[in-house]
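The structure appears below as structure tokens.
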Amino acid sequence: MVNMRSPKPGAAPRRAPSTTLVIAVLALCGTLVSLQQTLVLPLLPDFPEILGTTSDNASWLVTVTLLTAAVGTPIVSRLADMFGKRLMLVVCMWAVIVGSIVAALSTELALVVLGRGLSGLGACLVPVGISIMRDHLPAERVGSGVALMSATLSIGGAVGMPLAGVIYDRWDWHTLFYVSGGFAVVMLIAVLRVVPESEVRTRGRFDYVGALLLSIALTCFLLAVSKAGTWGFLSPLTLTLLATAAIVLAAWVPWELRAGQPLVDIRTSTRRTVLLTNAASVLVGFAMFANFLTSVQQVQMPEETGYGFGLSVVATGLWMLPASILMVVMSPVAAALIRRHGPRLILILGSLVLAVGFVARALLHGSVLEVMVTSGVASLGTALAFAAMPTLIMRAVPITETASANGLNTLLRSIGTSSASAMVAAVFAAWTMTTASGAQVPTLGAYQTVFWAGTAAALGGAFIAAFIRRPQRVPEVVADRAGAPAPAGERTHVKVEGERPEVLVRGQVLSHEGRPLRQAVATVLHPDGRHVDWGRTDNDGRFALALPASGEYLLVVSADGWAPQSSLVHLESGEVAPVTMTRRLLLSGNVTDSGRPLGSAMISLIRHSGEYVGTTTADEQGAYEIGLPPPGRYVLTAVDHPSGRTRSRALTVHSTSATLDIDLETGTPREPAVLAGESR
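According to numbering that gives the first Met the number 0, the stretch in the sequence shown is residues 0 to 679, in order.
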């Protein structure tokens with residue numbers, strides 16, 4: 000169900016905020032939360048002494064932010080689609096503020112870890128911010144805004160290390176969290192004053208069971224990956240956590256498929272574009288973080304290693320800063336390339352540039368400048384790929400689910416980065432050398448192994464992206480305030496100048512008996528065939544759609560087992576009349592005995608794999624009907640109880656009604672007349 004809040008008649012329209020200001024505020028919010036990932040890295044060697052603990056326990060100050068960000072992202076993103084995107088943005092900012100205060104006022108490890116965990120929830124706002132941009136920015140600015148928001152993941156990481164180093168050198172370590180919390184307060188005020196609340200939202204029941212199962216699976220998996228270097232990759236604890244994650248995930252998937260309003264729409268997520276984009280995200284995220292980790296560590300290695308340069312934390316951050324600035328500069332360029340060539344091609348291009356950067360890193364490492372330039376090339380590829388991914392996702396999912404879909408994409412990127420961290424730690428632990436001062440450091444061969452692994456991951460991302468279906472290019476129609484259309488450029492959706500917020504429509508799909516139909520699909524197109532939006536019904540048969548403006552549209556509704564329906568209708572904000580599906584698709588036929596009708600025979604249908612589908616009884620003339628099952632291979636069996644005879648036939652069902660006749664006389668089966676199935 001969609002929350003409808005139309006302005007009162009005669010009320011003056013609310014002044015739209017500056018587009019540039021909205022982008023700037025959201026991008027700074029992204030920078031703030033990405034700072035949380037690297038803020039304590041320069042202090043990790045000192046935290047055991049500061050907090051009176053072990054190095055392993057101190058590492059939880061980094062691990063906990065990874066866990067809370069990964070677990071919270073799909074939950075916060077779904078809540079944003081349901082209850083408001085700015086609302087959840089504010090919640091994330093408050094989490095950073097409270098977490099910073101708790102950490103700043105604490106001297107106990109447990110409390111500092113708690114504060115870091117709360118701060119990690121801030122990272123959940125990145126997909127929400129991307130979705131806000133889609134809802135409120137002019138169409139021509141969405142691409143550059145999304146690209147900049149994606150780039151903040153790298154910007155914050157690069158700025159965080161030198162900033163933390165400077166603060167720690169001059170002030171107490173608590174100052175890190177005071178600065179972080181103060182920055183969050185400023186950004187919270189900016190969000191409340193600048194960012195408007197989105198009217199594109201889907202009301203309904205939150206999937207608590209799905210959220211719990213996914214949280215358990217992610218926690219177990221990420222703990223196993225992030226701690227495997229300490230516990231051992233084959234340790235009982237690591238293997239137990241991985242097994243638990245697999246078992247819980249196996250239970251989560253069917254639960255989500257049955258849920259009317261799932262936390263993650265599995266059916267949408269397995270669509271070709273979404274599935275392949277998410278798969279590429281894991282590999283690109285792996286390559287991106289491998290590049291960041293090795294760049295930072297390589298230039299800090301002692302000069303006596305033969306490949307290091309002995310830079311301080313502050314100097315390292317300053318050397319890495321140009322690559323982050325490059326990602327900011329590339330944001331409008333990436334957006335222009337996406338508009339001109341499409342996000343699929345730019346994702347492929349970005350992945351290939353990332354691979355080239357890794358190859359160059361494996362071959363060129365004789366100076367700090369070479370490391371900076373080659374890692375910068377990899378960062379350039381990352382900027383292009385990260386800019387394309389949200390665009391691909393948003394074009395393939397319903398408008399009312401953009402936050403949750405981008406949340407899943409962000410989650411999979413973080414799984415890639417976690418895997419990269421574990422891989423780098425394992426390789427660096429396996430290939431070490433002893434310096435003249437007695438320190439154990441990774442060898443050059445260890446770095447080159449990571450570089451080639453990053454190359455393989457980036458090439459894998461490009462290979463997967465190549466199979467993403469090319470979208471059809473359709474002419475854009477830009478309507479002025481008077482409603483007069485004018486062709487311009489090429490886009491997928493209509494843009495109404497000055498009226499970016501959509502008209503929200505809700506409806507219900509019913510069977511001819513008045514029963515709600517779950518998992519039906521309602522699609523809206525313009526009368527000339529251009530796609531607008533689509534939505535899937537929940538357990539109550541309800542759907543939500545977002546339209547660019549009120550007017551006449553083509554509404555197409557389809558559901559398994561029913562003939563699709565379509566009509567040209569006038570749609571405007573509010574509830575539309577229920578769509579009643581009138582023609583049931585059937586599997587029908589006649590049961591005979593040596594060509595003579597056999598009445599009252601029992602008909603049973605099972606899947607080819609053995610699952611029961613349904614049973615019916617033929618009428619006195621031997622005719623039977625069964626509701627058409629989902630497409631697949633089936634076995635139809637006729638039973639004549641008085642004589643004890645049976646006969647089974649195999650058939651393949653497609654998506655239209657099918658006819659299959661069956662004769663009980665052994666050896667003289669009648670060939671079926673099949674409309675959408677085939678008997679062999």
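The C-beta atom is built at its ideal place from N, Cα and C for all residues, glycine as well.
Asked	Found
Cβ distance (whole Å) where M580 is taken to contact H511 below 8 angstroms	7 angstroms
Beta strand (DSSP E) segment containing V590, residue limits	L585 to D592
Pairwise C-alpha distance: D639 and S593	13 angstroms
Contacting residues, own chain, Cβ-Cβ under 8 angstroms from W533 (five flanking each side not counted)	P397, V520, A521, T522, V523 and L544
Residue nearest to F427 in terms of C-alpha spacing, selected from L410, S413, V449 and P563	V449
Cutoff 8 angstroms; reference P106; Cβ partners in own chain excluding five residues on either side	According to the sequence displayed, residue 106 carries Thr and not Pro. L50, listed in sequence order.
Nearest to H530 (by Cα), restricted to the options A395, T636, E400 and L585	A395
Inter-residue spacing [alpha-carbon to alpha-carbon] between A163 and T72	25 angstroms
Identity of the residue in F288, V75, G356 and P253 nearest E400 by Cα	V75
For V568, the nearest candidate out of V578, W561 and L554 (CA to CA)	L554
Separation of T591 from E664, as counted between CA atoms	8 angstroms
When G316, A465 and T276 are compared against P41, the one with the closest alpha-carbon	G316
Contact under 8 angstroms by Cβ, V295 with F308	no
Coil, strand or helix - S599 by DSSP	coil
Inter-residue Cα distance where the pair is L659 and R644	18 angstroms
Close beta carbons around T272, own chain, < 7 angstroms, minus the five adjacent residues each side	L391, A395, I467 and R468
Check whether M736 and A26 have beta carbons under 8 angstroms apart	Nothing can be reported for residue 736, as the shown portion of the chain is limited to 0 through 679.
Classification of H340 by the beta-carbon crowding that lies within 10 angstroms, buried from 16 upward	exposed
Extent of the continuous alpha helix (DSSP H) to which E369 belongs	V367 to A395
Close-in-space but distant-in-sequence residues of the same chain around S647 (CB under 6 angstroms, 5 per side omitted)	V634 and T636
Alpha carbon of V111 to alpha carbon of W93, nearest angstrom	17 angstroms
In DSSP terms, what M432 is bridged to	V440
Counterpart residues of A649 in DSSP-defined beta bridges	V634
DSSP beta-bridge partners of S565	V555
Nearest candidate by alpha-carbon position, reference V247, set V352, G209 and S330	G209
Cβ neighbours of H492 in the same chain (closer than 6 angstroms, five flanking residues each side left out)	Interpretation of H492 is limited by its pLDDT of 41, a score under 50 that renders its predicted location unreliable; the figure taken from the coordinates is listed afterwards. For H492, where only same-chain residues beyond five positions count, there are no Cβ hits under 6 angstroms.
Straight-line gap, L60 to V502 (C-alpha atoms, nearest Å)	45 angstroms
Where A258 falls: helix, strand or coil (DSSP)	coil
R541, DSSP secondary structure in three states	strand
Every unbroken alpha helix (DSSP H) inside the stretch 232-283 [4 residues or more]	235-257 and 265-268
Terminal residues of the beta strand (DSSP E) in which D532 lies	H530 to R535
Assigned secondary structure, L577 (DSSP; H/G/I helix, E/B strand, else coil)	Looking at the sequence shown, residue 577 is not Leu but Pro. Coil, per DSSP.
As assigned by DSSP and simplified to three states, the class of G128	helix
Contacting residues, own chain, Cβ-Cβ under 6 angstroms from E498 (five flanking each side not counted)	Here E498 scores only 39 on pLDDT, less than 50, and its place in the model should not be relied on; the value that follows carries that caveat. If we look at E498 and ignore the five residues flanking it on each side, it has no Cβ neighbours.
Buried/exposed call for Y693, threshold 16 Cβ in 10 Å	Residue 693 lies beyond the range of the chain shown here (0 to 679); nothing can be said about it.
For Y177, the three-state DSSP class (helix, strand or coil)	helix
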